[in-house]
Amino acid sequence: MASALACFPANSVTTITHISQFPENPKTLILQQCKTPKDLHQVHAHLVKTRRLLDPTITEAVLESAALLLPNTIDYALSIFNHIDRPESSAYNVMIRGLSFKQSPHNAFLLFKKMHENSVEHDGFTFSCVLKACSRMRALREGEQVHAQILKSGRKPNEFVENTLIHMYANCGEVGIARRVFDGMSERGVIAWNSMLSGYTKNGIWHEVVKLFKRMLELHIEFDDVTMISVLMACGRLADLELGELIGEYIVSKGLTGNRSLTTSLIDMYAKCGRVDTAWKLFDKMHKRDVVAWSAMISGYAQADRCKEALNLFHEMQKAKVDPNEVTMVSVLYSCAMLGAYETGKWVHFYIKKKKMKLTVTLGTQLIDFYAKCGYTDSSVEVFREMPIRNVFTWTALIQGLANNGEGKLALDFFSLMRENNVKPNDVTFIGVLSACSHACLVDQGRHLFNSMGRDFDIEPRIEHYGCMVDILGRAGLLEEAYQFIDNMPIPPNAVVWRTLLASCRAHKNVEMAEKSLEHITQLEPAHSGDYILLSNTYAFAGRVEDALRVRSLIKEKEIKKTPGCSLIELDGVVHEFFSEDGQHTHSKEIHNALDEMMKRIRLLGYVPNIEDARLEAEEDSKETSVSHHSEKLAIAYGLIRTPPRTIIRISKNLRMCRDCHNATKVISRVFDRTIIVRDRNRFHHFKDGLCSCNDYW
């Protein structure tokens, strides 16, 4: 092997000032003391000048330093390699490994082909390096070609090559072939077991991870932290708390809690199994927390619907100056969506743009959902159009978001566009589409789409789809047809389906059908207060006041607990929580003064309190006060005094809006010239100029 001197200009041969005496064998110097490209250039220049580079061992050390050890010097390594007259397999191996490691796996495979064409003998290291390149490219066909060459060579591959084969096949989605390679190994060390566990993990085949780990235990195979990380991940996905806790106990008994990756995996497992407080104790004890640990804990709170705590922890993460990643952002956006924390979510979107984070399918879909759940459908559509790649979940999130915000026709337009783009809808898509038909009062189109599920898309309607159809028919006043539809369902209707019909009976004053609906509900489960209130309101709407009062009294007699109304409003990145007749807020006195003034002003414009929506236990003379202190009114009053004029006020409520609050909010929007967006349990209400987007039917 010889190296051409002419490839380096004369001025590259500089004086070595930092080496007092050049060693006889400079390999250690090259691999350990060359810390920067400048160091390597000086050593390389000296080797060229003294013709020591003709020694293959020294040349390969230079290649290894440039291709593997130093940053941004792969091109320098290639320039040296390309001027070697007859490079041996060891030089090829270094370059293939370097190209693969430096994110140039395609060039690594091309170099392997060149090696084959030049009849340079392959060895175990060659195959392992090129298989890693195939794995990174997910180039299954090329990987299979390499595997064929290994078999043709007639030599039994060593364990290192077999491990890389397992990794390559699993990374290309061929887990079955990876398992056959694994099963065919004569000897399997912990690395082979970990490769197979990693393969199952990457493909989300969680039950096989647990099964394979249990097999390891049966065979008394020693496992390590890599093994436990894979298994803990599977335990979290499968909610296998029992096995997860056993591994946790093992980690503690072996004194491994200082291993940050292991502890983070434990946190993630406990959080995903619903043991968020246990996860927090581990997180709180960590001395150093990286972005993975923060993200696992924030995700845990979000998945447990403890979204306020998730956002608080995110703010702590910012104070700790830890940069969030995509996983963090998805969890934070989910929490913002659940709480209606628009300002925080908008900041997250700004951060994504500022850091030029890739708008992946997962991140983009969560952004669409966040904007929709805050009532900003224009922003949802804008994000959707910006996304380079969309899947069925992306389209579904947009369609559902538009439907829930009362933009049913636009939702159906996007459904048509989805079909034109050859994206097959799933069962969740149809829930959004049918909801769109319901809110837009498109009965015939709803019937057609419902029938098309099985006929055109081979999707078996679930109970939720039948509920949507009952809603479509009920909203349109076709109560008899809705009742017959329920009666003819091929699956037993649940209480939610009958409750949907009951809500329609209230709107259309059909007392008889309402009574039947409640009877069916009580046969399936204990009716809650909302069911009796719907029946009471149906009586009241039909002019049967005594019956309405009788039902209200029944709630008291049965001691049926009513879920307390809770409304959230975000101001300056802080989420404020209000309950009906709340006096716990730090600015309570100021809020109640503003509330009294607000109620006085809307009365002047004709608002009359509906005392039927007051607390059942409230005394007759205090019912007007009770109804005026509902949680959304308190939140709106706080928004009015804490935001500039004409600023949009956004409220999230855990229950359906009552008629009184709905009527009051319409008048408030007109009196104070505000747009008020309220997200209740059922849908969005956009109040503006005394009107609501739901057209007074929700």
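For the sequence shown, my numbering begins at 886 and goes up steadily by one. C-beta: ideal position from N, C-alpha, C; glycine also.
Residue i (DSSP reduced to helix, strand or coil)
i: histidine 1461; result: strand
i: histidine 1571; result: strand
i: valine 1493; result: coil
i: leucine 1540; result: coil
i: leucine 1363; result: coil
i: leucine 955; result: coil
i: isoleucine 1418; result: helix
i: valine 1456; result: The sequence given here places leucine at residue 1456; valine does not occur at that position. Three-state result, leucine 1456: strand.
i: isoleucine 969; result: strand
i: lysine 1551; result: helix
i: proline 1042; result: coil
i: alanine 1522; result: helix
i: alanine 1024; result: coil
i: threonine 899; result: Because the pLDDT at threonine 899 is just 39, under 50, the model does not fix this residue reliably, and the point stays unresolved.
i: isoleucine 1106; result: coil
i: histidine 1172; result: coil
i: asparagine 1210; result: coil
i: methionine 1070; result: coil
i: aspartate 1581; result: coil
i: threonine 1245; result: coil
i: cysteine 1019; result: helix
i: phenylalanine 1426; result: helix
i: arginine 1391; result: helix
i: glutamine 1469; result: coil
i: isoleucine 1487; result: helix
i: glycine 871; result: It is not possible to answer for residue 871, since the shown part of the chain is limited to 886 through 1583.
i: isoleucine 1476; result: helix
i: glutamate 1345; result: coil
i: alanine 1181; result: helix
i: phenylalanine 1557; result: coil
i: histidine 1515; result: coil
i: threonine 1528; result: coil
i: arginine 982; result: helix
i: histidine 1413; result: coil
i: alanine 887; result: With a pLDDT of only 38 at alanine 887, under the threshold of 50, the placement of this residue in the model should not be trusted; the figure read from the coordinates follows. It is coil, neither helix nor strand.
i: threonine 913; result: helix
i: isoleucine 1051; result: helix
Range covered by the alpha helix (DSSP H) that runs through residue i
i: lysine 1231; result: 1227 to 1239
i: serine 964; result: 959 to 966
i: glutamate 1437; result: Looking at the sequence provided, one finds arginine at residue 1437 rather than glutamate. Where arginine 1437 is concerned, the enclosing alpha helix (DSSP H) stretches over 1430 to 1442.
i: serine 989; result: Run containing serine 989: none; DSSP gives neither H nor E here.
i: histidine 1333; result: 1328 to 1342
i: alanine 1325; result: From DSSP, alanine 1325 is part of no alpha helix (DSSP H); its letter is neither H nor E.
i: glutamate 1093; result: 1091 to 1103
i: valine 1005; result: Here valine 1005 belongs to no alpha helix (DSSP H), and DSSP marks it neither H nor E.
i: cysteine 1192; result: 1192 to 1204
i: isoleucine 1376; result: Premise fails: isoleucine 1376 is in no alpha helix (DSSP H) and is neither H nor E.
i: serine 1080; result: 1075 to 1087
i: aspartate 1398; result: Note on identity: in this sequence residue 1398 is methionine, with aspartate being the wrong assignment. Counting along the chain, the alpha helix (DSSP H) containing methionine 1398 begins and ends at 1396 to 1409.
i: threonine 944; result: 941 to 949
Residue(s) in a DSSP beta bridge with residue i
i: cysteine 1451; result: Phe1464
i: cysteine 919; result: Per DSSP, none; premise fails for cysteine 919.
i: arginine 1535; result: Ile1562
i: leucine 1576; result: Lys1573
i: isoleucine 1114; result: According to DSSP, isoleucine 1114 bridges with nothing at all.
Beta-carbon separation (whole angstroms), residue i vs residue j, contact threshold 8 Å
i: serine 1516; j: serine 1452; result: 4 Å
i: isoleucine 851; j: glycine 1362; result: Because the chain is modelled from 886 through 1583, residue 851 falls outside the range shown and cannot be assessed.
i: leucine 1248; j: serine 1220; result: The Cβ separation is near 14 Å, so there is no contact.
i: tyrosine 1218; j: glutamine 1251; result: Looking at the sequence itself, residue 1218 is leucine, so the reference to tyrosine does not match. Yes, they are in contact, since the Cβ atoms of leucine 1218 and glutamine 1251 sit about 5 Å apart, within 8 Å.
i: leucine 932; j: threonine 958; result: The Cβ separation is near 16 Å, so there is no contact.
i: serine 1115; j: serine 1083; result: 6 Å
i: tyrosine 1085; j: valine 1075; result: Going by Cβ atoms, the distance from tyrosine 1085 to valine 1075 rounds to 16 Å, so no, they are not a contact pair.
i: tyrosine 1227; j: cysteine 1259; result: 4 Å
Boundaries (first-last residue) of the beta strand (DSSP E) holding residue i
i: arginine 1563; result: Before going on, a small fix: residue 1563 reads as valine here, not arginine. Counting along the chain, the beta strand (DSSP E) containing valine 1563 begins and ends at 1561 to 1564.
beta-carbon residue i near the ligand NAP non-hydrogen atom, thresh 7 Å
i: arginine 1145; result: In terms of ligand content, the structure shown is empty, and the ligand NAP therefore cannot be addressed.
(message) Report the start-end ranges of each alpha helix (DSSP H) in the segment 1251 to 1318 that is 4 residues or longer and not cut off at the edges.
(response) 1262 to 1271, 1277 to 1289 and 1293 to 1305
(request) Quick one: which unbroken alpha helix (DSSP H) runs of 4-plus residues sit fully inside the segment 1123 to 1160? Chain order, please. (result) 1126 to 1138 and 1145 to 1157
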